[in-house]
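One structure below.
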Amino acid sequence: MKVVETIFDIVYLVLVFWMGIRMLHMAKGNCEYHLMGCMAVVLGAGDTFHLLPRIFAMWNGGLSIHTAALGFGKLVTSITMTIFYLMFYYLLKRRYHHHSERLDSVVWFLVTLRILLCFFPQNHWMQEDPSYLWGIFRNVPFVLLGIIAAGLAFLCVRRRGDHWFRHLWLAVLISFVCYVPVVLFAKVWPLMGMFMLPKTVAYLWMIAIFYCVVQKRC
39 MKVVETIFDI VYLVLVFWMG IRMLHMAKGN CEYHLMGCMA VVLGAGDTFH LLPRIFAMWN
99 GGLSIHTAAL GFGKLVTSIT MTIFYLMFYY LLKRRYHHHS ERLDSVVWFL VTLRILLCFF
159 PQNHWMQEDP SYLWGIFRNV PFVLLGIIAA GLAFLCVRRR GDHWFRHLWL AVLISFVCYV
219 PVVLFAKVWP LMGMFMLPKT VAYLWMIAIF YCVVQKRC
């Protein structure tokens, strides 16, 4: 399994970075396309802090003896994923000319709350037994942010008939449907961690959608 996971993680990171850099190159001053490229790079950068230490740990004595590196990687990824969805929200606002000061305030509140909760020492990121309760606390605003992202994507695409983004909401939804059981149950049933694979595929799907849009200049 560690061979399969290592290959999967490396292929994922290479593809995300490659598409992100290509989108930035192809953007040619278009803010919307540039934002899509930045999202891919932010996603890849955050996951690098999580996946590379994990790969190293699997091949060098196991995860249990690299707790600090893995915990720090999870902290960085938690923050970058929050920034990813903030960028996602503003991408939808720009593409569909959606304006709502109230929703802007809610999104910024959730983003700020999520990041602040991640920095509380009670999370015990670097310890062998991180806090289960704080894992739930910090993920409540993140899940709410995901619901807003998926819902807004669905409504905007439905109203505007955007062919290219028609499945984007579904990719976001799948990512969170796979993520929530890991947060809730992986500590008791470690096999629940397998849901992170389809979650990762969902993020790769999102970036692939962005890449197709930029490549076709739609």
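Residues 39 to 256 in the numbering used here are what the sequence shown lists, from first letter to last.
Cβ atoms here follow ideal geometry from the backbone N, Cα and C, with glycine treated the same way.
None of these values were measured; they are calculated from a predicted model.
Return the CA-CA distance between Trp-172 and Gln-160, expressed in angstroms with no decimal places. Locating residue 172 in the sequence shown gives position 134, counting from the first residue. Locating residue 160 in the sequence shown gives position 122, counting from the first residue. Distance between the alpha carbons of Trp-172 and Gln-160: 7 Å.
Among Glu-43, Tyr-128, Ala-246, the one whose alpha carbon lies nearest that of Trp-202: If you number the sequence shown from 1, residue 202 lands on position 164. Closest by alpha carbon: Ala-246.
On a CA-only basis, which of Val-195, Ile-103, Leu-148 is nearest Pro-179? Give me that one, please. Here residue 179 refers to the residue found at position 141 when the sequence shown is read from its first residue. The residue with the shortest Cα to Cα distance from Pro-179 is Leu-148.
Applying the 10 Å Cβ sphere with the 16-neighbour rule, what's the burial state of Met-39? Residue numbering aside, residue 39 sits at position 1 when the sequence shown is read from its first letter. Under this definition Met-39 is an exposed residue.
Evaluate contact between the segment 46-66 and the segment 82-94, counting only Cβ atoms and requiring at least three cross-stretch pairs below 8 Å. yes
Touch test, the segment 179-193 against the segment 126-144, Cβ-Cβ under 8 Å, three pairs minimum: yes
Would you tell me roughly how many angstroms separate the C-alpha atoms of Gly-82 and Met-57, rounded to the nearest one? Along the sequence shown, one-based indexing puts residue 82 at 44. Along the sequence shown, one-based indexing puts residue 57 at 19. So the alpha carbons of these two residues sit roughly 10 Å apart.
Option in Leu-229, Gly-184, Gly-111 with minimal Cα separation from Trp-146: The residue labelled residue 146 in the question sits at position 108 within the sequence shown. Among Leu-229, Gly-184, Gly-111, the Cα nearest to that of Trp-146 is on Gly-184.
Specify whether the segment 69-82 and the segment 112-129 touch according to this definition: at least 3 beta carbon pairs, one from each stretch, less than 8 Å apart. yes
Measure the C-alpha to C-alpha separation of Arg-133 and Leu-208 and round it to an integer number of angstroms. Numbered from its first residue, the sequence shown carries residue 133 at position 95. Numbered from its first residue, the sequence shown carries residue 208 at position 170. The straight-line gap from Cα to Cα measures roughly 18 Å.
Given this structure, state the Cα-to-Cα distance separating Lys-225 from Thr-86, to the nearest angstrom. Against the sequence shown, residue 225 aligns to sequence position 187. Against the sequence shown, residue 86 aligns to sequence position 48. Taking the straight line from one Cα to the other gives about 23 Å.
Reducing DSSP to helix, strand and coil, say where Gly-84 ends up. As a working mapping, residue 84 is identified with position 46 in the sequence shown. Helix at Gly-84.
Contact check, Val-220 vs Gly-231 under 8 Å by CB: the rounded distance? Locating residue 220 in the sequence shown gives position 182, counting from the first residue. Locating residue 231 in the sequence shown gives position 193, counting from the first residue. Yes, they are in contact, since the Cβ atoms of Val-220 and Gly-231 sit about 6 Å apart, within 8 Å.
Cut-off 6 Å between Cβ atoms - residues of its own chain near Leu-151, not counting five sequence neighbours on either side: Sequence index remark: in the sequence shown, residue 151 carries index 113 (1-based). Pro-179.
Candidates Tyr-241, Gly-199, Met-125, Gln-165, of which the one nearest Thr-105 by Cα: The residue you call residue 105 lines up with position 67 of the sequence shown. If we check each option's Cα against that of Thr-105, Gln-165 comes out closest.
Let me know the secondary structure DSSP gives Asn-68 once reduced to three states. Residue numbering aside, residue 68 sits at position 30 when the sequence shown is read from its first letter. Coil, per DSSP.
Could you tell me the distance, in whole angstroms, from the CA atom of Phe-214 to the CA atom of Ala-240? By one-based count along the sequence shown, residue 214 stands at place 176. By one-based count along the sequence shown, residue 240 stands at place 202. Their backbone Cα atoms lie some 9 Å apart in a straight line.
Neighbour-count burial assignment, Tyr-71, 16 or more Cβ in a 10 Å radius: By 1-based counting over the sequence shown, the position of residue 71 is 33. Buried is the call here.
Enumerate in chain order the residues of its own chain whose CB-to-CB distance from Ala-95 is below 8 Å, with the five nearest sequence positions on each side excluded. Taking the sequence shown and counting its residues from 1, the one referred to as residue 95 is at position 57. Here the set comprises Leu-101, Ile-103, His-104, Ala-107, Leu-108.
Looking only at its own chain, which residues have a Cβ that is under 7 Å from the Cβ of Leu-113, when we skip the five neighbours before and after it? Looking up residue 113 in the sequence shown gives position 75. Contacts found: Cys-156, Trp-163.
Where the alpha helix (DSSP H) containing Leu-242 begins and where it ends: In the sequence shown, counting from the first residue as 1, residue 242 sits at position 204. Its alpha helix (DSSP H) spans residues 234-254.
What do you reckon, is the C-beta of Phe-233 under 7 Å from a heavy atom of the ligand HEM? Judged by which ligands are present, the structure shown has none, so any question about the ligand HEM falls away.
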